[in-house]
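Have a look at the structure below, then the notes.
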Amino acid sequence: MYLKYWGFRLPPFENVPSRDIFFRSSQHEEALMRLLYAVKNHKGAAMLTGEVGSGKTTISKVLKDSLSADQYSVKTLINPALNPLDLIRAILFCLGESSDSDSKFTLLSRLQDRLASNAEHGKNTILIIDEAHLIPGRTSLEELRMLLNMQSENRFLITLIVVGQPLLQENITALQPLKERIAVKYHLKPLDLRDTVRYILFRLKSAGADRGIFTKEAVSPLFEYTGGVPLRINNLV
9 MYLKYWGFRL
19 PPFENVPSRD
29 IFFRSSQHEE
39 ALMRLLYAVK
49 NHKGAAMLTG
59 EVGSGKTTIS
69 KVLKDSLSAD
79 QYSVKTLINP
89 ALNPLDLIRA
99 ILFCLGESSD
109 SDSKFTLLSR
119 LQDRLASNAE
129 HGKNTILIID
139 EAHLIPGRTS
149 LEELRMLLNM
159 QSENRFLITL
169 IVVGQPLLQE
179 NITALQPLKE
189 RIAVKYHLKP
199 LDLRDTVRYI
209 LFRLKSAGAD
219 RGIFTKEAVS
229 PLFEYTGGVP
239 LRINNLV
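9 is the number of the first residue of the sequence shown in this note's numbering; add one for each residue after it.
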């Protein structure tokens, strides 16, 4: 009923990440550009952090959609809370390879072959690991570092994009060899008041609104209550 009343084509404040409603604040644009830089310059790894609901997953989706399928094989791992062997299996599964082995050597050999094959066919392999702060312990993180040892002609065979809450940065900082491999880092902060106003107007317009609904005076207490976090704004509005 409210959709028709306000002239919306769809609910304006859904919490499902979508590139179609990607709000390009200056910092979200900066985060996307840095990740694209890492990918297109064949860096080994990049890290994007931010609080829950800051827009990290949406940025990773936009990144994926920005890359040509002819040049890039982009896969996303969304449940990385795995022990080292299962993490390798999950990565193989993402890449479309068999993971039915208990031998770490066999699994890593298959992974190396897949990455090399992609490179031979002119495709760069990009693995986005969402919720990467959930990776348990140093040993699983160490496996990610070992992936970056897979190189050919002085180029990485894979670019890792690790995305997660601030705990991710703490975990990686504690593992110096992996920290040194992270070529690009960016932390998303909450929106300021100006961008909160712009965000709300953007979401309303994207949903089809053709008239004003919120005054700037109404947005100010909303900003104070939500702290400028997009997820909280969506839930409240």
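Glycine residues also receive a C-beta, built at the ideal position from the N, C-alpha and C atoms.
Can you say whether Val227 is buried or exposed, counting buried as having 16 or more other CB atoms within 10 angstroms of its CB?
-> buried
Helix, strand or coil for Leu192 per DSSP?
-> The amino acid at residue 192 is misidentified as Leu; the sequence shows Val. Looking at Val192 - three-state DSSP - the assignment turns out to be strand.
Sort out for me which residues DSSP pairs Lys83 with in a bridge.
-> Leu135
One or two residues paired with Leu56 in a DSSP bridge | Val171, Tyr194
Since Leu168 and Leu155 are thought to touch, with beta carbons under 8 Å apart, how far apart are those beta carbons, to the nearest angstrom?
-> 7 Å
Roughly how many angstroms lie between the CA atoms of Pro20 and Leu209, to the nearest whole one?
-> 10 Å
Whole-angstrom Cβ separation of Val70 and Phe113, contact assumed at under 8 Å?
-> That belief does not hold up - the Cβ atoms of Val70 and Phe113 are roughly 37 Å apart, past 8 Å.
Alpha carbon to alpha carbon, how far is Leu176 from Leu100?
-> 22 Å
Ile29, DSSP secondary structure in three states = helix
Beta-carbon spacing of Tyr194, Ala39 below 8 Å | yes
Spatial distance of Asp108 from Thr181 (CA atoms) = 33 Å
Work out the CA separation of Asn87 and Glu139 for me, nearest whole Å.
-> 7 Å
Ser117 by DSSP, collapsed to three states: which one?
-> helix
Boundaries (first-last residue) of the alpha helix (DSSP H) holding Gly145 = 145 to 155
Going by beta carbon distance, what residues of the same chain come within less than 6 Å of Arg122, once the five residues before and after it are set aside?
-> Leu103, Glu105
Which two residues bound the contiguous alpha helix (DSSP H) that contains Thr223?
-> Premise fails: Thr223 is in no alpha helix (DSSP H) and is neither H nor E.
Beta carbon of Leu183, beta carbon of Ala124: below 8 Å?
-> no
Whole-angstrom distance between Ser160 and Arg146, CA atom to CA atom = 26 Å
Do the stretch 53 to 64 and the stretch 236 to 243 make contact, defined as three or more Cβ pairs closer than 8 Å?
-> yes
In this structure, what does DSSP give as the bridge partners for Ser160?
-> Arg163
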